[in-house]
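> The structure follows.
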Amino acid sequence: MKMLTPKEIMDELNRYIIGQEKAKKAVSIALRNRWRRQMIPKELRDEIAPKNIIMIGPTGVGKTEIARRLAKLANAPFLKIEATKFTEVGYVGRDVESMIRDLTELAVNMVKKEEQELVKEKAAILAEERILDILLPSVKRQQETEGTAEQGDSSREKLRLRFREGKLNERLVELDVPERALPIIEVFSASGIEEMDMQIRDLFGNILPKKTKKRKMKVKEAYEFLIQEESKKLIDMDKVVKEAIERVEQSGIIFLDEIDKIARRDQTHGPDVSREGVQRDILPIVEGTTVTTKYGMVKTDHILFIAAGAFHMSKPSDLIPELQGRFPIRVNLDPLTKEDFYRIITEPENALIKQYKALLKTEDVELEFEKEAIEEITDISQRINEMTENIGARRLYTVMEKLLEDISFSAPEKKGEKFTITKEYVRNRLGEFLEKEDLSRYIL
Ligand SMILES: Nc1ncnc2c1ncn2[C@@H]1O[C@H](COP(=O)(O)OP(=O)(O)OP(=O)(O)O)[C@@H](O)[C@H]1O
Ligand SMILES: [Mg+2]
Numbered sequence: 037m038k039m040l041t042p043k044e045i046m047d048e049l050n051r052y053i054i055g056q057e058k059a060k061k062a063v064s065i066a067l068r069n070r071w072r073r074q075m076i077p078k079e080l081r082d083e084i085a086p087k088n089i090i091m092i093g094p095t096g097v098g099k100t101e102i103a104r105r106l107a108k109l110a111n112a113p114f115l116k117i118e119a120t121k122f123t124e125v126g127y128v129g130r131d132v133e134s135m136i137r138d139l140t141e142l143a144v145n146m147v148k149k150e151e152q153e154l155v156k157e158k159a160a161i162l163a164e165e166r167i168l169d170i171l172l173p174s175v176k177r178q179q180e181t182e183g184t185a186e187q188g189d190s191s192r193e194k195l196r197l198r199f200r201e202g203k204l205n206e207r208l209v210e211l212d213v214p215e216r217a218l219p220i221i222e223v224f225s226a227s228g229i230e231e232m233d234m235q236i237r238d239l240f241g242n243i244l245p246k247k248t249k250k251r252k253m254k255v256k257e258a259y260e261f262l263i264q265e266e267s268k269k270l271i272d273m274d275k276v277v278k279e280a281i282e283r284v285e286q287s288g289i290i291f292l293d294e295i296d297k298i299a300r301r302d303q304t305h306g307p308d309v310s311r312e313g314v315q316r317d318i319l320p321i322v323e324g325t326t327v328t329t330k331y332g333m334v335k336t337d338h339i340l341f342i343a344a345g346a347f348h349m350s351k352p353s354d355l356i357p358e359l360q361g362r363f364p365i366r367v368n369l370d371p372l373t374k375e376d377f378y379r380i381i382t383e384p385e386n387a388l389i390k391q392y393k394a395l396l397k398t399e400d401v402e403l404e405f406e407k408e409a410i411e412e413i414t415d416i417s418q419r420i421n422e423m424t425e426n427i428g429a430r431r432l433y434t435v436m437e438k439l440l441e442d443i444s445f446s447a448p449e450k451k452g453e454k455f456t457i458t459k460e461y462v463r464n465r466l467g468e469f470l471e472k473e474d475l476s477r478y479i480l
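This is the structure we're talking about:
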């Protein structure tokens, strides 16, 4: 697959994220560097450590959004996870190594899908034969015992034709499907569900005979199912796993969101103690260590980490120094301006206004926004952010929802109508919130 250039990555991100040029630029370069590294001869390649990034910016300005969009572009195993999910080793909960296991699982699925795609045609041919076998069991048996092959062949070919034309799609057939007969594992999972899962599945998965059960389904469905089954048989899982681990080690990316939440504030005692523990646990993974997964050992030396946090209550310097040092690139995201707000609700492909228009269109109601109305919306959102908490672009969501509440409610009774949102409409609906701070604090 083609690797995007930094500019192309930037262009893609621009379709969804307004402003934040510095952050977009940093992640674009980081992504491209993954590919560049691959092109370098091995000796030097191993020396090039990824330049981990930390994105800092107030809440609701696009940190997580950048990660989400990046994930789609990465074309590499990409895991986004909240740092707050982890607990220190020894405590009940997810240990940090699970992120490497998750990433590996993800990569295995990714490679498996690609391989399946490659054998798709072959699998389809085999699946067709199996469908015909099921539909014509008697003929098959006859063939084997009496050798009336010719007769069997012709009816088989006729059936094949009808199958290809889709005429048999609705017919019911019976298939053996594997039964998911794994015992409930949570019962004894104090040391982490996935670990148990991994051990038990591997232990018993191979010893216990694979149970199957009969299930009736339509030919069409059965065909899809058999394609899946045949393609599984056609791909070499050992190869898939090897390739997947290679990808994780060489080009894997982990996005650690909410990293500020595990930064210590002041040296308080109490429930916060294990946060620093989590940071210490993360250290070796970022630095480079080997993690055991059910697919084998995975080295983390070259996995790229992008961390993000609002650092509203804490500062990056509240992270333990060793961890700070492992994120050499810092980018600040800017607070959003009124102009940014305007662009955010109108421009991106998933822009709020587009969303509402599409939603109401399903009720056959047309929605129009005058330019002044949108300006008023952004103005009000900005002012409420100033008056109460600044929650960034998320304010637009609450404001828009309130603004369109009545129209949304009555839309089914207003089929065929068109609503034009004017500045006055916005003022009428939302003006009172501006006058009363309390109101906006609770409602918007
Ligand atoms: N720069 C932006 N461009 C477009 N949309 C944005 C931007 N910033 C925020 N949004 C919108 O606001 C929502 C919240 O943003 P996001 O989840 O990225 O916040 P965040 O920076 O991760 O905040 P937090 O620190 O609270 O996690 C997003 O779903 C997105 O729709
Ligand atoms: Mg976020």
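Per our numbering: the sequence shown = residues 37 to 480. Just so it is clear, CB atoms sit at the ideal spot from N, CA and C, and this is done for glycine as well. Computed from a predicted structure; not experimentally measured.
Is Pro357 buried or exposed, if buried means 16 or more other CB atoms sit within 10 Å of its CB?
Along the sequence shown, read from residue 1 onward, the residue named residue 357 stands at position 321. Exposed, by the Cβ-count rule.
> Quick one: what does DSSP say Leu480 is sitting in, helix, strand or coil?
Residue 480 sits at position 444 when you count from the first residue of the sequence shown. It is coil, neither helix nor strand.
> So the alpha helix (DSSP H) Arg166 belongs to, where does it begin and stop?
Taking the sequence shown and counting its residues from 1, one reaches residue 166 at position 130. Start and end: 156-171.
> Return helix, strand or coil for Thr329, following the three-state DSSP convention.
Along the sequence shown, read from residue 1 onward, the residue named residue 329 stands at position 293. The answer is strand: DSSP assigns Thr329 an E or B state.
> Looking only at its own chain, which residues have a Cβ that is under 7 Å from the Cβ of Ser190, when we skip the five neighbours before and after it?
Start at 1 with the first residue of the sequence shown, and residue 190 comes out as number 154. Cβ neighbours of Ser190 beyond the five flanking positions: none.
> Do three or more CB pairs link the region 47-63 to the region 316-327 at distances below 8 Å?
The answer is no - the region 316-327 does not touch the region 47-63, with fewer than three Cβ pairs under 8 Å.
> Cα separation between Ile89 and Phe347?
Translated into the one-based positions of the sequence shown, residue 89 becomes position 53. Translated into the one-based positions of the sequence shown, residue 347 becomes position 311. Going by the C-alpha atoms only, they are around 15 Å apart.
> Taking DSSP's pairing of strands, which residues face Thr456 in a bridge?
Start at 1 with the first residue of the sequence shown, and residue 456 comes out as number 420. Its beta-bridge partners are Glu404.
> I need the residues with a C-beta less than 7 Å from some heavy atom of ligand 2; please give them in chain order.
That query returns the following residues: Lys99, Thr100, Asp293, Glu294, Ala344.
> If you run the structure through DSSP and keep just helix, strand and coil, what is Ser225?
Against the sequence shown, residue 225 aligns to sequence position 189. At Ser225, the pLDDT of 42 sits below 50, so the modelled position is not reliable; the number obtained from the coordinates is stated separately. The answer is coil: DSSP assigns Ser225 none of H, G, I, E or B.
> State buried or exposed for Ser446, treating a residue as buried only when at least 16 other CB atoms are found within 10 Å of its CB.
The count along the sequence shown starts at 1 and reaches residue 446 at position 410. Under this definition Ser446 is an exposed residue.
> Excluding five sequence neighbours on each side, which residues of the same chain lie with their C-beta closer than 7 Å to the C-beta of Arg419?
Here residue 419 refers to the residue found at position 383 when the sequence shown is read from its first residue. Excluding positions up to five away in sequence, the list reads Leu470.
> Assign Met146 to buried or exposed, taking buried as 16 or more other Cβ atoms, counted over all protein chains shown, within 10 Å of its Cβ.
For the purposes of this step, residue 146 is taken as residue 110 along the sequence shown, with counting starting at 1. Buried: at least 16 other Cβ atoms inside 10 Å.
> On the criterion of 16 or more Cβ atoms from any shown chain inside 10 Å, does Asn464 qualify as buried, or is it exposed?
Counting from one through the sequence shown, the residue named residue 464 turns up at place 428. Exposed, by the Cβ-count rule.
> What's the C-alpha gap between Leu109 and Ile170?
Here residue 109 is taken as the residue at index 73 of the sequence shown, counted from 1. Here residue 170 is taken as the residue at index 134 of the sequence shown, counted from 1. Their backbone Cα atoms lie some 43 Å apart in a straight line.
> If you draw a straight line from the C-alpha of Ile295 to the C-alpha of Lys99, how long is it?
Position 259 of the sequence shown, counted from the start, is the residue given in the question as residue 295. Position 63 of the sequence shown, counted from the start, is the residue given in the question as residue 99. Between Ile295 and Lys99, the C-alpha separation is close to 12 Å.
> Given this structure, state the Cα-to-Cα distance separating Thr424 from Ser476, to the nearest angstrom.
Taking the first residue of the sequence shown as 1, we reach residue 424 at position 388. Taking the first residue of the sequence shown as 1, we reach residue 476 at position 440. Each residue's Cα considered, the two are about 8 Å apart.
> Excluding the 5 residues preceding and the 5 following Glu385 in the sequence, name in chain order all residues of the same chain whose CB lies nearer than 7 Å to its CB.
For the purposes of this step, residue 385 is identified with residue 349 of the sequence shown, where counting begins at 1. For Glu385, where only same-chain residues beyond five positions count, the Cβ hits under 7 Å are Arg51, Tyr52.
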